[in-house]
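Student: Chains as they are written, first to last, in the working numbering: chain A, 131 to 294; chain B, 131 to 294.
Got a structure for you, questions after.
Number of protein chains: 2
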Amino acid sequence: MTQQSTKTEREDGTGQVPGFVSDYLLYLLAAASDAASAQFHAKVRKAGLRVPEWRVLACLADTDGAMITQLAKRALAEQSRLTRIIAQMEDRGLLVRRSDPADGRRVRVYLTDSGRALAAELVPQAQKHEAALMEMLHGNRGAQLKPALKSLLAALETQEDRQG
Amino acid sequence: MTQQSTKTEREDGTGQVPGFVSDYLLYLLAAASDAASAQFHAKVRKAGLRVPEWRVLACLADTDGAMITQLAKRALAEQSRLTRIIAQMEDRGLLVRRSDPADGRRVRVYLTDSGRALAAELVPQAQKHEAALMEMLHGNRGAQLKPALKSLLAALETQEDRQG
DNA sequence: ACAAACAATATGAAATTTCATATAGTTTCG
DNA sequence: CGAAACTATATGAAATTTCATATTGTTTGT
Numbered sequence: 131m132t133q134q135s136t137k138t139e140r141e142d143g144t145g146q147v148p149g150f151v152s153d154y155l156l157y158l159l160a161a162a163s164d165a166a167s168a169q170f171h172a173k174v175r176k177a178g179l180r181v182p183e184w185r186v187l188a189c190l191a192d193t194d195g196a197m198i199t200q201l202a203k204r205a206l207a208e209q210s211r212l213t214r215i216i217a218q219m220e221d222r223g224l225l226v227r228r229s230d231p232a233d234g235r236r237v238r239v240y241l242t243d244s245g246r247a248l249a250a251e252l253v254p255q256a257q258k259h260e261a262a263l264m265e266m267l268h269g270n271r272g273a274q275l276k277p278a279l280k281s282l283l284a285a286l287e288t289q290e291d292r293q294g
Numbered sequence: 131m132t133q134q135s136t137k138t139e140r141e142d143g144t145g146q147v148p149g150f151v152s153d154y155l156l157y158l159l160a161a162a163s164d165a166a167s168a169q170f171h172a173k174v175r176k177a178g179l180r181v182p183e184w185r186v187l188a189c190l191a192d193t194d195g196a197m198i199t200q201l202a203k204r205a206l207a208e209q210s211r212l213t214r215i216i217a218q219m220e221d222r223g224l225l226v227r228r229s230d231p232a233d234g235r236r237v238r239v240y241l242t243d244s245g246r247a248l249a250a251e252l253v254p255q256a257q258k259h260e261a262a263l264m265e266m267l268h269g270n271r272g273a274q275l276k277p278a279l280k281s282l283l284a285a286l287e288t289q290e291d292r293q294g
């Protein structure tokens, strides 16, 4: 029996209780996402961006000229929120919006040189941070993490598609 | 440039590009967390709770009488935000706050009968939903997901501890 | 070609979140 | 003991987010 304390609670910060939450998949996902992102997100903020802005930047670095709706999905933000984030980023000169000549409802978003420069600075930092994380998981089950997550995402997308 | 497709874009909703983001661990974690939670969080809202409130409820179902700070960590919310969420939940009669007799700075939070009843309704629903998710991943790499996430969390906590 | 249905983005207004800091209680140590 | 340092929670004020819906543009069916 390692710790059958009669104390009311543990003093280890997270309040390590066995319970439901600690083994609940949605908690593990959210907590892991939070914890894993924390350090890098601090760098993002030092670079003058908030997290959703960084996400937009990264998405655009991958796919310049994306539509608002696509960006919202990819950057995990609700559409009206994304519209305003894009507006702010445009004000700061990181990107420009142009309506799609082929379909006037669509607004396409393009990085400016300044935005591209910022992306060129942050993406490698993100990759470096990711490498450090993977390194940290070495020997453990790190190698299985990404494939498992992709698998989950794929399954969920399939499900979504079936449901409309 | 890497992108030699002549098409302006893909039409599959997520804008499936190879790119950086799609294979980036922090994106996979955040996206998986989001997507996996979506359905259940809809149920939570139908039960009249917002997501952070549900988290608080679940945490308290595990560890009644937790402190604000502990709850904030566990429910993945910033302290001042949690304070206000707790206040709202108290107004709704889901929980009560009592200051710790042993240390007057601490506020301990206890579920009321009403709160406990709600938890007793939602926790099994969460478990059922989780089971469905795990089921969905069957044959895939589902079995490895939780251990991998726990491993990541453990590694990150260790790291945090080292850094203070 | 027209109206209805649909799709993409924008926006007002209320609610929430954040950030910095205030407040209150506790521990440390000279 | 008493002051300084610290810890836990609360709060004001600005900024952001959400929700519902408006606006604008496109497609479909007749």
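Note that CB positions come from ideal geometry on N, CA and C, so glycine has one too.
Small disclaimer: the values here were computed from a predicted structure and weren't measured.
Please tell me whether Asp-233/B has its Cβ less than 7 Å away from any Cβ of chain A.
Tutor: Along the second sequence, one-based indexing puts residue 233/B at 103. No, Asp-233/B lies away from the interface with chain A (no Cβ there is under 7 Å from its Cβ).
Student: Quick check on the DSSP output: what are the complete beta strand (DSSP E) runs of length 3 or more inside the region 145-177 of chain B, in order along the chain?
Tutor: Entirely contained in the region 145-177 of chain B, not one beta strand (DSSP E) run reaches 3 residues.
Student: Note down the Cα distance separating Leu-179/A from Ala-160/B, rounded to an integer number of angstroms.
Tutor: Mapped onto the first sequence, residue 179/A falls at position 49. Mapped onto the second sequence, residue 160/B falls at position 30. Rounded to whole angstroms, Leu-179/A to Ala-160/B spans 18 Å at the Cα level.
Student: DSSP state of Arg-227/A, grouped into three classes?
Tutor: Taking the first sequence and counting its residues from 1, the one referred to as residue 227/A is at position 97. Strand at Arg-227/A.
Student: Report yes if the CB atom of Ala-162/B is closer than 7 Å to the CB atom of Leu-190/A, and no otherwise.
Tutor: Working through the second sequence from its first residue, we reach residue 162/B at position 32. Working through the first sequence from its first residue, we reach residue 190/A at position 60. No, they are not a contact pair.
Student: Could you check if Asp-243/B is buried or exposed, using at least 16 other CB atoms within 10 Å of its CB as the buried criterion?
Tutor: Start at 1 with the first residue of the second sequence, and residue 243/B comes out as number 113. Exposed, because fewer than 16 other Cβ atoms sit within 10 Å of the Cβ of Asp-243/B.
Student: Whether or not the region 260-276 of chain B and the region 255-263 of chain A are in contact is what I'm after, with contact meaning three or more pairs of Cβ atoms, one per stretch, closer than 8 Å; do they touch?
Tutor: Judged by Cβ distances under 8 Å, the region 255-263 of chain A makes no contact with the region 260-276 of chain B, as fewer than three pairs qualify.
Student: Any idea which residues DSSP pairs Met-197/A with across the strands?
Tutor: Taking the first residue of the first sequence as position 1, residue 197/A is located at position 67. DSSP lists Arg-238/A as partners of Met-197/A.
Student: Would you decide whether Ala-202/B is buried or exposed? Buried here means 16 or more other CB atoms lie within 10 Å of its CB.
Tutor: Here residue 202/B is taken as the residue at index 72 of the second sequence, counted from 1. By the neighbour-count rule (16 or more Cβ atoms within 10 Å), Ala-202/B is buried.
Student: Taking CB distances under 7 Å as the criterion, tell me whether Gln-114/B reaches chain A.
Tutor: In the structure as shown, chain B starts at 131 and stops at 294, and residue 114/B therefore has no counterpart that could be examined.
Student: Please state the DSSP three-state secondary structure of Gly-269/A.
Tutor: Looking up residue 269/A in the first sequence gives position 139. Note: Gly-269/A maps to coil in three-state DSSP.
Student: Am I right that Glu-220/B and Arg-227/B are in contact with their C-beta atoms under 8 Å? What's the rounded C-beta distance?
Tutor: Taking the second sequence and counting its residues from 1, the one referred to as residue 220/B is at position 90. Taking the second sequence and counting its residues from 1, the one referred to as residue 227/B is at position 97. With 8 Å as the limit, Glu-220/B and Arg-227/B qualify as a contact, their Cβ atoms being about 6 Å apart.
Student: In terms of residue numbering, what span does the alpha helix (DSSP H) encompassing Leu-206/A cover?
Tutor: Stepping through the first sequence from its first residue, residue 206/A is reached at position 76. Where Leu-206/A is concerned, there is no enclosing alpha helix (DSSP H), given that its DSSP letter is neither H nor E.
Student: Taking 7 Å as the threshold (C-beta atoms), are His-171/A and Val-186/A in contact?
Tutor: The residue labelled residue 186/A in the question sits at position 56 within the first sequence. The residue labelled residue 171/A in the question sits at position 41 within the first sequence. Going by C-beta atoms, Val-186/A is not nearer than 7 Å to His-171/A.
Student: For a cutoff of 7 Å on Cβ pairs, would you count Gly-149/A as touching chain B?
Tutor: Here residue 149/A refers to the residue found at position 19 of the first sequence. Chain B contact via Cβ: present.
Student: Mapping the DSSP letters down to three states, classify Leu-179/A as helix, strand or coil.
Tutor: If you number the first sequence from 1, residue 179/A lands on position 49. Correct three-state label for Leu-179/A: coil.
Student: So what's Arg-246/B in DSSP terms, helix, strand or just coil?
Tutor: Within the second sequence, residue 246/B is the residue found at index 116, counting from 1. Helix, per DSSP.
Student: Could you tell me the alpha carbon to alpha carbon distance between Ile-216/A and Thr-193/A, rounded to whole angstroms?
Tutor: Working through the first sequence from its first residue, we reach residue 216/A at position 86. Working through the first sequence from its first residue, we reach residue 193/A at position 63. The alpha-carbon atoms of Ile-216/A and Thr-193/A are separated by roughly 15 Å.
Student: Contact check, Leu-241/A vs Leu-224/A under 8 Å by CB: the rounded distance?
Tutor: Start at 1 with the first residue of the first sequence, and residue 241/A comes out as number 111. Start at 1 with the first residue of the first sequence, and residue 224/A comes out as number 94. With a Cβ gap of about 7 Å, Leu-241/A and Leu-224/A count as contacting.
Student: In this structure, how does DSSP classify Arg-222/B when only helix, strand and coil are distinguished?
Tutor: On the second sequence, residue 222/B is found 92 positions in, with the first residue counted as 1. Coil, per DSSP.
Student: When you compare each of Leu-212/A, Pro-254/A and Met-264/A to Val-174/A by their alpha carbons, which one comes out closest?
Tutor: Locating residue 174/A in the first sequence gives position 44, counting from the first residue. Considering only alpha carbons, the answer is Pro-254/A.
Student: Between the alpha carbons of Met-197/A and Gln-274/B, how many angstroms are there, rounded?
Tutor: Start at 1 with the first residue of the first sequence, and residue 197/A comes out as number 67. Start at 1 with the first residue of the second sequence, and residue 274/B comes out as number 144. Their backbone Cα atoms lie some 35 Å apart in a straight line.
Student: With DSSP as the reference, label Asp-233/B as helix, strand or coil.
Tutor: If you number the second sequence from 1, residue 233/B lands on position 103. The answer is coil: DSSP assigns Asp-233/B none of H, G, I, E or B.
Student: Whose CA, out of Arg-246/B, Pro-277/B, Gly-149/B and Leu-158/B, lies closest to the CA of Lys-276/A?
Tutor: In the first sequence, the residue the question calls residue 276/A occupies position 146. The candidate whose alpha carbon is nearest that of Lys-276/A is Leu-158/B.
Student: Output, in chain order, the set of chain A residues within a Cβ distance shorter than 9 Å of Ala-172/B.
Tutor: Reading the second sequence from its first residue, position 42 is the one you call residue 172/B. Here the premise fails: no neighbours, minimum Cβ distance about 12 Å.
Student: Do you know offhand how far Gln-200/B's Cα is from Ala-188/A's?
Tutor: Here the question's residue 200/B lines up with position 70 in the second sequence. Here the question's residue 188/A lines up with position 58 in the first sequence. If you take the alpha carbons of Gln-200/B and Ala-188/A, they lie about 33 Å apart.
Student: Kindly indicate which residue of Ala-165/A, Met-264/A and Ala-232/A has the alpha-carbon position closest to the one of Tyr-154/B.
Tutor: Locating residue 154/B in the second sequence gives position 24, counting from the first residue. When each option's Cα is compared against that of Tyr-154/B, the closest is Met-264/A.
Student: Can the beta-carbon of Ser-167/A be found closer than 7 Å to that of Leu-286/B?
Tutor: Along the first sequence, read from residue 1 onward, the residue named residue 167/A stands at position 37. Along the second sequence, read from residue 1 onward, the residue named residue 286/B stands at position 156. No, these two residues do not count as a Cβ contact at 7 Å.
Student: With 7 Å as the threshold, decide whether the Cβ of Asp-243/A is near any Cβ in chain B.
Tutor: As a first step, residue 243/A is located in the first sequence; it is residue number 113 there, counting from the start. So, not an interface residue.
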